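Structure first, then comments.
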Amino acid sequence: MARKENINAFLHQLFLRQDFSTCLEFIESQIEVNGPEEYPVFLKATIKRQQGKIQESLQLFQEAAALNPGNPTNLKQVARSLFLLGKHKAAIDVYAETARMAGREDRESAHNRGLCFVYMKDYASAITAFQEANGIERHDSTYMQMAKVYMLMDDYQSAANVCLEAIEFSPENSEMLTTLGSARLLSRTPPRSLPPSPPAKRASPGRVKTSLPRSLPFARPLSLPSLGG
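Numbering-wise, my numbering comes out as the position in the sequence shown, counting from 1, plus 150.
Laid out in structure tokens, this is it:
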């Protein structure tokens, strides 16, 4: 057991130093000698995902979950890889299984579940998930995603309310202040359409009438969130 812990500690140090090539080589040598074990496989999956090999990382996280079915951390990483592959419904199902296994849902899982719903355009469910995440532990990123979803729903007043609550929690969040300004600007009632202009009349000499152009309409920016807790 002590030798196994020493090996895992050594692998962890290699990972922290970002010496991924040496770390992977050592993992492979350990698998050849001892067969697959949870932590080396988990670490290999993490490195593969950082290298952009998402499908391979998914298979490795699933292998780690099979090696230790009682560890919800492995399933959370399975869900994250599914999310990165665009398999949002499958990711939601795995997050639900993770919560069932752990006996409760953590903030990160609830937040990421909300992101999945955003990409599925199920905005009401996304708002619910973000509210659940903030109910567990408030976080700037969750407030921001919630405000963006309300703006996607054209509910600018709710977006502004979320921003105000977030600013009370984190007064120095400049991005939230910017989003609040956008929400308030977009929540204003647009001006009523003017009736058609009468036919132009010939101007009398010495009485040239000028008019200023009306401002162009403000285009509402739409953005989808990125992943992150």
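By construction, the Cβ of each residue, glycine as well, lies at the ideal position given by its N, Cα and C atoms. This one's a predicted model, so the numbers in the text were calculated from it and none came from an experiment.
Buried or exposed, going by whether 16 or more other CB atoms sit within 10 Å of the CB of Gln168?
exposed
Residue from Glu182, Lys237, Phe280, Arg257 with nearest C-alpha to Glu287:
Arg257
Whole-angstrom distance between Ser324 and Ser337, CA atom to CA atom:
20 Å
At least 3 beta-carbon pairs within less than 8 Å: the stretch 213–226 vs the stretch 185–198
yes
Provide the residue span of the alpha helix (DSSP H) that contains Arg257, from first to last.
257–269
With burial defined as no fewer than 16 other Cβ atoms inside 10 Å of the residue's Cβ, what is the status of Ser207: buried or exposed?
buried
Inter-residue CB distance, Leu382 and Leu330 (contact presumed, cutoff 8 Å)
Given that the chain is displayed from residue 151 to residue 379, the structure contains no residue 382 and the question cannot be resolved.
DSSP state of Glu322 mapped onto helix, strand, coil
coil
Which value, in whole angstroms, describes the spacing of the CA atoms of Ala229 and Leu164?
25 Å
Coil, strand or helix - Gly185 by DSSP:
coil
Can you tell me where the alpha helix (DSSP H) with Pro222 in it begins and where it stops?
222–234
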